[in-house]
């Protein structure tokens, strides 16, 4: 996960067949979209570890504060791209997903301790984290920019421009200082970094002309563009990409079950449908792997 702070944005929800127990309260406005039906695949479901299979539930720990991946609707239901995809995974495995809200930094320890079967919270799969848990990769995310349609901004030549970011994100603490330093070293004006407490405000600043562009995690930027009614477009390509992964206990056969289930959903088109619903097509992968960290 590239984030360090809470993001709030409008959402869409893709319902999956079967039941999900999503709890918590508060959140942004949501809309309902076409459901994608998922059926149990016995050959894959039989690979699930017996204690989980016998319970009939897949316990998932998540920090629901990061749209469009995982966040809360007004009724308190945890929704998002990750949730829709995990609902489909659970359905393929013949399990009912049960989501438990958690602070982000408590999720991996809770997976290690057996309180959660899966940690699902936009985790970046890293070598360091792989020392604690195993990851099943399901998405590729990095940073990306958005601008007003036709603005013609190049992220590699944004010296002197106003760039909106959410406070305490990697875009704020790492990307902008590095880019601005290059500007100054080249004898150009520094980037004017405009910081906001939440991502919605950063996005609105660009739409209202208070900032020239914004930088955020690539799924967040893609979703903001999708929700902008044609006012925003991408500026440049995704950069600093790394895999997102679902965390499971080290050595657990559940990793292989999740991997097989995701490959099934990739092959039958459900994965693409879920990603398209949330504007996340740019991060789709073709082959999930176990422990695919690149750094």
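Residue numbers (the UniProt record's numbering): 1 to 295.
For each residue, glycine too, the CB sits at the ideal point set by N, CA and C.
Those residues which DSSP pairs with residue i across a bridge
i: residue 140; result: 243
i: residue 214; result: 146 and 164
i: residue 172; result: Note: residue 172 sits in no beta bridge, so no partner.
i: residue 229; result: None, per the DSSP bridge assignment.
i: residue 101; result: 62
i: residue 70; result: 66
Nearest residue (CA-CA) to residue i, options the options
i: residue 286; options: 267, 240 and 276; result: 267
i: residue 57; options: 82, 219 and 116; result: 116
i: residue 132; options: 153, 144 and 110; result: 110
i: residue 81; options: 222, 48 and 159; result: 222
i: residue 198; options: 180, 103, 274 and 172; result: 172
i: residue 187; options: 170, 200 and 157; result: 157
i: residue 291; options: 192, 241, 159 and 129; result: 129
i: residue 249; options: 49, 42 and 40; result: 49
i: residue 41; options: 235, 74, 95 and 145; result: 95
i: residue 167; options: 179, 200 and 53; result: 200
Cβ neighbour criterion (16 or more within 10 Å) applied to residue i
i: residue 69; result: buried
i: residue 237; result: exposed
i: residue 92; result: buried
i: residue 175; result: buried
i: residue 51; result: exposed
i: residue 278; result: buried
i: residue 34; result: Unreliable placement is indicated for residue 34, whose pLDDT of 41 sits below 50; the coordinate value is still reported in the next sentence. Classification for residue 34: exposed.
i: residue 127; result: exposed
Short Cβ contact (9 angstroms threshold) for residue i with residue j
i: residue 123; j: residue 276; result: no
i: residue 163; j: residue 184; result: no
i: residue 219; j: residue 280; result: yes
i: residue 89; j: residue 97; result: yes
i: residue 298; j: residue 99; result: Nothing in the structure corresponds to residue 298, since the chain is present only between 1 and 295.
i: residue 60; j: residue 86; result: yes
i: residue 102; j: residue 240; result: no
i: residue 152; j: residue 189; result: no
For residue j and residue i, believed in contact at Cβ under 8 angstroms, the rounded distance
i: residue 245; j: residue 140; result: The pair is not a contact, with the Cβ atoms about 11 angstroms apart (cut-off 8 angstroms).
i: residue 216; j: residue 206; result: So it is not a contact: roughly 11 angstroms between Cβ atoms.
i: residue 136; j: residue 230; result: Contact doesn't hold; Cβ gap of about 36 angstroms is too wide.
Chain D within 9 angstroms of residue i, Cβ atoms only
i: residue 253; result: Included in the structure is just one protein chain, with no chain D present.
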